[in-house]
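Asker:
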Amino acid sequence: MIVWLNGTHGAGKTTTSPLVQRLIPDSRVFDAEKVGETLMDISPGLPETDNFQHWPPWRQLVVETARHVLDYAGGTLVVPMTVLVEQYWREISTGLARHAIPVRHFVLHADQETLRGRIEGDTVLGPSPFRLQYLQPYAEAARTWLHGEAEVVDTTHLTPAEAAQRIAESVKRGQAEPTGSATGPGCSAAGSAGPAR
0 MIVWLNGTHG AGKTTTSPLV QRLIPDSRVF DAEKVGETLM DISPGLPETD
50 NFQHWPPWRQ LVVETARHVL DYAGGTLVVP MTVLVEQYWR EISTGLARHA
100 IPVRHFVLHA DQETLRGRIE GDTVLGPSPF RLQYLQPYAE AARTWLHGEA
150 EVVDTTHLTP AEAAQRIAES VKRGQAEPTG SATGPGCSAA GSAGPAR
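Going by numbering that gives the first Met the number 0, 166 is the number at position 167 of the sequence shown; the sequence numbering is gapless.
(1) Quick one: using the 10 Å Cβ neighbour count with 16 as the cut-off for buried, is Glu112 buried or exposed?
(2) What does Leu198 pair with, by DSSP beta-bridge criteria?
(3) For Arg72, which residues from the same chain have a beta carbon less than 8 Å from its beta carbon, with the 5 sequence-adjacent residues on both sides left out?
(4) Taking all protein chains shown into account, do 16 or more other C-beta atoms lie within 10 angstroms of the C-beta of Phe29, making it buried, or fewer, making it exposed?
(5) Would you be able to state if there are at least three C-beta pairs under 8 Å between the segment 116-128 and the segment 14-26?
(6) From this set, Thr14, Gln20, Pro17, Trp57, which residue's C-alpha is nearest Lys33's C-alpha?
(7) Residues in the same chain with beta-carbon distance under 7 Å from Ser16, minus the five sequence neighbours each way, listed in chain order, please.
(8) Could you check whether the segment 35-44 touches the segment 130-148, counting it as contact only if at least three pairs of C-beta atoms, one from each stretch, sit closer than 8 Å?
(9) Hey, Gly6 and Arg103 are a contact pair by Cβ (cut 8 Å); roughly how many whole angstroms apart?
(10) Helix or strand or just coil, what does DSSP make of Val123?
(11) Can you have a look at Gln132 and say buried or exposed, based on whether 16 or more other CB atoms are within 10 angstroms of its CB?
(12) From the DSSP secondary-structure annotation, give me the bridge partner or partners of His104.
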């Protein structure tokens with residue numbers, strides 16, 4: 000299974016993912032950004048872009064890497080990765096479904112003011128124009144498709160530990176439900192977009 004933590008920069012994905020991993024037995028964190036970094040290291044470089052997600056190999060390699068890791072090690076992968084382009088999410092989720100890999104899709108959400116404050120006040124990365132430029136695309140994705148495709152966890156007033164607890168509890172509830180009882184956003188599996196809460 001994959002527990003995908005979506006949401007834009009400042010929502011808390013990087014901080015929350017290892018906390019989720021500790022709460023879900025036999026799970027590992029898979030940072031799909033490293034796949035993008037590998038592609039960025041190719042020399043001479045791939046066609047110029049401002050985001051490695053625009054390279055089709057990134058989407059394909061994320062699916063194949065996750066599949067092979069799960070085939071090898073089993074368990075669950077926790078994937079903290081922003082995907083705001085609906086087509087890209089469809090490619091990834093459909094690719095995983097073809098390999099019969101269930102996906103629990105969560106969006107870590109916060110209001111725009113909170114996100115901006117977190118990005119501008121980041122003491123590790125510092126203020127980042129790159130991260131700030133994704134606030135509006137996130138708002139548009141949330142309004143048009145993203146929140147309908149996932150279970151939304153509003154982190155505006157939650158600590159990362161509280162957000163992780165909510166996600167882990169939701170995953171455990173989903174695992175306890177009988178097969179075919181999916182009824183809400185956030186879950187898809189092998190060829191089915193049928194969501195489950």
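Using N, Cα and C, we set each Cβ at its ideal position, and we do this for glycine too.
Answerer: Based on what the coordinates show:
(1) exposed
(2) No answer is possible for residue 198: the residues shown for the chain start at 0 and end at 196.
(3) Residue 72 is actually Ala in this sequence, not Arg. Answer for Ala72: Arg27, listed in chain order.
(4) buried
(5) no
(6) Trp57
(7) Leu4, Val28, Val77, Pro79
(8) no
(9) Not really, about 14 Å apart at Cβ, beyond 8 Å.
(10) coil
(11) exposed
(12) Trp3
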